[in-house]
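Down below is the structure, laid out as structure tokens.
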Amino acid sequence: MTEVAESTELAARTDALAEKVASGARQSASAVKKLVLTSFKTGLEEQMELEGRLIAECADSPDGNEGINAFLEKRRPQFAH
-15 MTEVAESTEL AARTDALAEK VASGARQSAS AVKKLVLTSF KTGLEEQMEL
35 EGRLIAECAD SPDGNEGINA FLEKRRPQFA H
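Counting along the sequence shown from 1, when you hit position 81 you're at 65 in our numbering, and nothing is skipped either side.
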């Protein structure tokens, strides 16, 4: 948990978080979702293998390259979505 919101602010905070996730690299968000869902039914070794494979795939993608270049150039990434 990274944030607590009053019930009157919950919808606005939820929308803001959804927009933040949606503005990131789609492949990375998909990989995180897959890792969370598989973590309930796989062992540690299998999960770590999947994590390594997904990280490598994301890093070697156009959005992965954009993220690395943006970091090195000290700018916000422009992901393809």
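Note that the Cβ used here is the ideal one computed from N, Cα and C, for glycine as well.
For clarity, every value in this text was computed on a predicted model and none was experimentally measured.
For Asp(-1), count neighbouring C-beta atoms within 10 Å of its own C-beta (all shown protein chains included) and say buried if the count is 16 or more, exposed if not.
Working through the sequence shown from its first residue, we reach residue -1 at position 15. With fewer than 16 Cβ atoms within 10 Å of its Cβ, Asp(-1) is classed as exposed.
Could you give the residue range of the alpha helix (DSSP H) that holds Ala54?
Against the sequence shown, residue 54 aligns to sequence position 70. 46 to 56 is the span of the alpha helix (DSSP H), which, as asked, contains Ala54.
Would DSSP call Gly36 helix, strand or coil?
Within the sequence shown, numbered from 1, the residue matching residue 36 stands at position 52. Here Gly36 sits in helix by DSSP.
Please confirm if the region 23 to 33 is in contact with the region 1 to 9, defined as three or more CB-CB distances below 8 Å between the two stretches.
no
Enclosing alpha helix (DSSP H) for Glu3 [first to last residue]:
Taking the first residue of the sequence shown as position 1, residue 3 is located at position 19. Run containing Glu3: -6 to 6, per the alpha helix (DSSP H) assignment.
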